[in-house]
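Note sheet for the following structure.
2 protein chains.
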Amino acid sequence: MARQAGVSVATVSRVLADNYPVTHTTRAKVLRAVRQLDYVANAHAKALAGTGVETIALVLDDITWSAFAQIGAGVEQEAARRGRLCLVCTTQGDRQRELAVVNLMREQHAAAVILVGGIQYTTEYRERMSRFARSLDSVGSRLVLCGRPPLADDLPATVVEYDNEGGAYGATAHLLSLGHRRILFVGAQEGQSTADGRLSGYRGALADYRVAAAPELEREGLFLRDAGLRAVREALREQVAFTAVFAATDMVALGALEGLREAGLRVPDDVSLIGYDDIPMANELTPRLTTVHVPYQELGRTAARLVLDRRDGVGGAEDRTRLSTHVVVRGSTAPPAPGPR
Amino acid sequence: MARQAGVSVATVSRVLADNYPVTHTTRAKVLRAVRQLDYVANAHAKALAGTGVETIALVLDDITWSAFAQIGAGVEQEAARRGRLCLVCTTQGDRQRELAVVNLMREQHAAAVILVGGIQYTTEYRERMSRFARSLDSVGSRLVLCGRPPLADDLPATVVEYDNEGGAYGATAHLLSLGHRRILFVGAQEGQSTADGRLSGYRGALADYRVAAAPELEREGLFLRDAGLRAVREALREQVAFTAVFAATDMVALGALEGLREAGLRVPDDVSLIGYDDIPMANELTPRLTTVHVPYQELGRTAARLVLDRRDGVGGAEDRTRLSTHVVVRGSTAPPAPGPR
DNA sequence: TTGGGGGTGGTAACCGTTTACTGAAAACGT
DNA sequence: ACGTTTTCAGTAAACGGTTACCACCCCCAA
Chain A
345 MARQAGVSVA TVSRVLADNY PVTHTTRAKV LRAVRQLDYV ANAHAKALAG
395 TGVETIALVL DDITWSAFAQ IGAGVEQEAA RRGRLCLVCT TQGDRQRELA
445 VVNLMREQHA AAVILVGGIQ YTTEYRERMS RFARSLDSVG SRLVLCGRPP
495 LADDLPATVV EYDNEGGAYG ATAHLLSLGH RRILFVGAQE GQSTADGRLS
545 GYRGALADYR VAAAPELERE GLFLRDAGLR AVREALREQV AFTAVFAATD
595 MVALGALEGL REAGLRVPDD VSLIGYDDIP MANELTPRLT TVHVPYQELG
645 RTAARLVLDR RDGVGGAEDR TRLSTHVVVR GSTAPPAPGP R
Chain B
345 MARQAGVSVA TVSRVLADNY PVTHTTRAKV LRAVRQLDYV ANAHAKALAG
395 TGVETIALVL DDITWSAFAQ IGAGVEQEAA RRGRLCLVCT TQGDRQRELA
445 VVNLMREQHA AAVILVGGIQ YTTEYRERMS RFARSLDSVG SRLVLCGRPP
495 LADDLPATVV EYDNEGGAYG ATAHLLSLGH RRILFVGAQE GQSTADGRLS
545 GYRGALADYR VAAAPELERE GLFLRDAGLR AVREALREQV AFTAVFAATD
595 MVALGALEGL REAGLRVPDD VSLIGYDDIP MANELTPRLT TVHVPYQELG
645 RTAARLVLDR RDGVGGAEDR TRLSTHVVVR GSTAPPAPGP R
């Protein structure tokens, strides 16, 4: 390349960086060579030399899940706006793979590693991820926990949460204030941070309304459509009495809706249904699904913003934020039917 | 690092690569140092040296669009399975940005650059992208067109399409065979490859059924929910007669559905509705949406597979594939109502 | 005892870029 | 005309790995 232009490599670099005086004729020679060879600088070499575009890594379970896609979009947009690249890795909920991926990102010298979504912490995972957090910090990078609780106190990591429990409290309170007393919670997962938070909001609201919690109303299940269907079928088969269903996610609500329908129950006339996440689909259902709105895209954007502010030396960048959630009342909730159930 | 272990850098490299005889004691020294320092190799340096993990670049309009997310998931899964990393860039449909992004990926020395989704070709874009295709090829990389038509013949690029026109033909034929004769097509976009293909399939089926095409039945609109709503409203206001709507995408169908509903028209009793894409939402609507299934995830997986096969020297990797589509008949289509419309 | 050879580990060149330092030539002042 | 400053281009070190090549040690056979 330098040979083609008939100058030294240093001159080429200077012309392209445009940060040093170069004669017009020399610059022209270089630019001509650039055009002739379709030359582009090697990003790896630039990175080695300390220049070069930074990349931020995004680690999530599955990009096709609406909430994750929105977080991803938020991160990517903010990253792109500020001249960063975005490396995306999916883990399918496999913690081992997540650890491996974070290690990979450490090799890649990512400016930040953003871990997205709820998780089931184990002691070993906590310890290993904490090491990674410190290790990333020590090389000027940063671990970001987005939509999951902090690993530990005094750990160099940024945490961007949303009011998970509050949303669940609000959803349950909405049903309670409509008059429901037997509310089926679908999607409990012992130890999964998101599920636990939502279940805990549900229980909190029940307690505040002086309604006794009932174990048979708390149904286990993954955050999948199928889990909602199965849970409702089983509850119905077991003749558990309930006038409303609180699905831990909108996807679960979809399954629950099918379960209710196949039993001949109308929503919201016979049974009210409320979801969580406010995915785009929620507003398209019949009836339109009452749910808890979570600002997922903003969550992603915030995660990127905080970590890049800190990096770009913007003062006062916090390292812990919580975005608020709110119930969106639509057509799937109503006062309970007067008759028996 | 080498100092910490008390050996030379060469030895460290050899222990980590495990491709050279090293005494047990020496290896132990190195591994201990690795643990003590939380050492990870610098991926940029490895890349420079020719070792190192390859990355494949994914360029798409918007990751939150269901079809794109699925393609992305397919690419990512296949890439990860074969030990590659995935760089994702979004363009929001901006061709200039797309060109810039491809150039960036050339710098990053991506093993492949996968361009996803339909596009409106211009001469300038064609020429510049063709240069990129050749340029990528010359450095051993490869341009992949996924879900969009080839740029030109004899260009070193891999093309992974789906039978876009065939799907539209099938959808229209489905409506025609039910007895519909006045079918509103919503989502025409002059020059946009996907829209053109679908419109052309629509026209083809009409022609084969000896039904005259009518300009007032072909409505312009982006592939957005809102476009469907507006188009149906306008057609209704203009008193255009139709008994069925063929929406160019499921999102457009969503808008169309709202437009029909607000005019008091029932689907499918008064008007049949068919979409395109078979996004997860389609199966959740009431009535469940008849649509054209496109194997988006498989599309992404295939794109990654073809380009990685070629790279890994697997023989017989084609550079042009077309996946098939098919109509999924659900509840939103029915024979036209006997009365006048 | 010595020469050959296999097993280990070090030395240094290379990947492609940036940049501090150096040096030559041109511009300027006296 | 000569010294000083300024301007521009080249040289080389550094970034952090990989690997070809070389040197050493030790063992064994002649």
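As given, the protein sequences belong to chains A and B, one line each in that order.
Here our numbering runs 344 ahead of the position in the first sequence, where the first position is 1.
Here our numbering runs 344 ahead of the position in the second sequence, where the first position is 1.
Cβ coordinates follow ideal geometry from the N, Cα and C atoms, glycine included.
Check: Would you decide whether residue 495 of chain A is buried or exposed? Buried here means 16 or more other CB atoms lie within 10 Å of its CB.; Outcome: buried
Check: Here's the rule: buried if 16 or more other CB atoms are within 10 angstroms of the residue's CB, otherwise exposed. What is residue 508 of chain B?; Outcome: buried
Check: For the candidate residues A:388, A:399, A:372, whose alpha-carbon lies nearest to that of residue 424 of chain A?; Outcome: A:399
Check: Can you tell me whether residue 521 of chain B is buried or exposed? The criterion is at least 16 other CB atoms within 10 Å of its CB, across all chains shown.; Outcome: exposed
Check: Looking at chain A, which residues of the region 377-394 of chain B have a Cβ within less than 7 Å of any of its Cβ atoms?; Outcome: 382, 384, 385, 386, 387, 388, 389, 391, 392
Check: Going by DSSP, what residue range makes up the alpha helix (DSSP H) through residue 453 of chain A?; Outcome: Per DSSP, residue 453 of chain A belongs to no alpha helix (DSSP H) and is neither H nor E.
Check: If you draw a straight line from the C-alpha of residue 485 of chain B to the C-alpha of residue 471 of chain B, how long is it?; Outcome: 18 Å
Check: Can a CB atom of chain B be found closer than 9 Å to the CB of residue 363 of chain A?; Outcome: no
Check: Evaluate the contact criterion for the region 361-378 of chain A versus the region 430-438 of chain A: three or more CB pairs, one atom per stretch, below 8 Å.; Outcome: no
Check: For residue 664 of chain A, which residues does DSSP report across the bridge?; Outcome: A:503
Check: For chain A, is any of its Cβ atoms less than 9 Å away from the one on residue 458 of chain B?; Outcome: no
Check: Could you give the uninterrupted runs of the alpha helix (DSSP H) lying entirely in the region 566-629 of chain B, keeping only those of 4 residues or more?; Outcome: 569-581, 594-606
Check: Are the region 662-682 of chain A and the region 611-621 of chain A touching, with three or more C-beta to C-beta distances below 8 Å?; Outcome: yes
Check: Who are residue 536 of chain B's beta bridge partners in DSSP?; Outcome: B:464
Check: Establish whether the CB of residue 570 of chain A and some CB of chain B are separated by less than 9 Å.; Outcome: no
Check: Rounded to whole angstroms, how far is the Cβ of residue 665 of chain A from the Cβ of residue 504 of chain A, which I believe are closer than 8 Å?; Outcome: 5 Å
Check: Anyone know if the C-beta pair for residue 429 of chain B and residue 397 of chain B falls short of 9 Å?; Outcome: yes
Check: Give me the DSSP bridge partner(s) of residue 401 of chain A.; Outcome: A:431, A:457
Check: Anything in chain B within Cβ reach of residue 485 of chain A, meaning under 7 Å, just list it in chain order.; Outcome: What residue 485 of chain A touches in chain B: nothing, since even the nearest Cβ is about 11 Å away.
Check: Give the interface partners of residue 440 of chain A over in chain B, defined as CB-CB distance under 9 Å, in chain order.; Outcome: Within 9 Å Cβ-Cβ: nothing; residue 440 of chain A doesn't reach chain B, min ~14 Å.
Check: Return no unless some Cβ of chain A is closer than 9 Å to the Cβ of residue 676 of chain B.; Outcome: no
Check: Indicate whether residue 443 of chain B and residue 386 of chain A have their beta-carbon atoms separated by less than 9 Å.; Outcome: no
Check: With a CB to CB cut of under 6 Å and the five nearest residues on each side skipped, what residues in its chain are close to residue 463 of chain A?; Outcome: 492, 537
Check: For residue 459 of chain A, which option in A:347, A:358, A:476 has the closest C-alpha, if you only look at C-alpha atoms?; Outcome: A:476
Check: Let me make sure I understand the geometry here. Which of A:474, A:586, A:597, A:506 has the alpha-carbon closest to that of residue 382 of chain B?; Outcome: A:474
Check: Would the region 596-603 of chain A count as touching the region 569-584 of chain A if we require 3 or more Cβ pairs under 8 Å?; Outcome: yes
Check: CA-CA distance, residue 671 of chain B and residue 365 of chain B?; Outcome: 60 Å
Check: Count the C-beta pairs between the region 508-519 of chain B and the region 563-571 of chain B that are closer than 8 Å, then say yes if the count reaches three, no if not.; Outcome: no
Check: Whether or not the region 581-588 of chain A and the region 516-530 of chain A are in contact is what I'm after, with contact meaning three or more pairs of Cβ atoms, one per stretch, closer than 8 Å; do they touch?; Outcome: yes
Check: How many angstroms separate the CA atom of residue 445 of chain B from the CA atom of residue 488 of chain B?; Outcome: 14 Å
Check: Taking Cβ-Cβ distances shorter than 8 Å, what residues in chain B pair up with residue 424 of chain A?; Outcome: 433, 434
Check: Since residue 525 of chain B is in the alpha helix (DSSP H), which residue starts that stretch and which ends it?; Outcome: No alpha helix (DSSP H) contains residue 525 of chain B, which DSSP labels as neither H nor E.
Check: How many angstroms separate the CA atom of residue 651 of chain B from the CA atom of residue 427 of chain A?; Outcome: 28 Å
Check: Along chain A, which residues have their Cβ under 8 Å away from the Cβ of residue 406 of chain B?; Outcome: 417
Check: Pull out every residue of the region 608-641 of chain A whose Cβ sits closer than 7 Å to any Cβ of chain B, in chain order.; Outcome: 625, 628, 629, 630
Check: Just grab the DSSP bridge partners of residue 677 of chain B for me.; Outcome: DSSP output for residue 677 of chain B lists no bridge partner at all.
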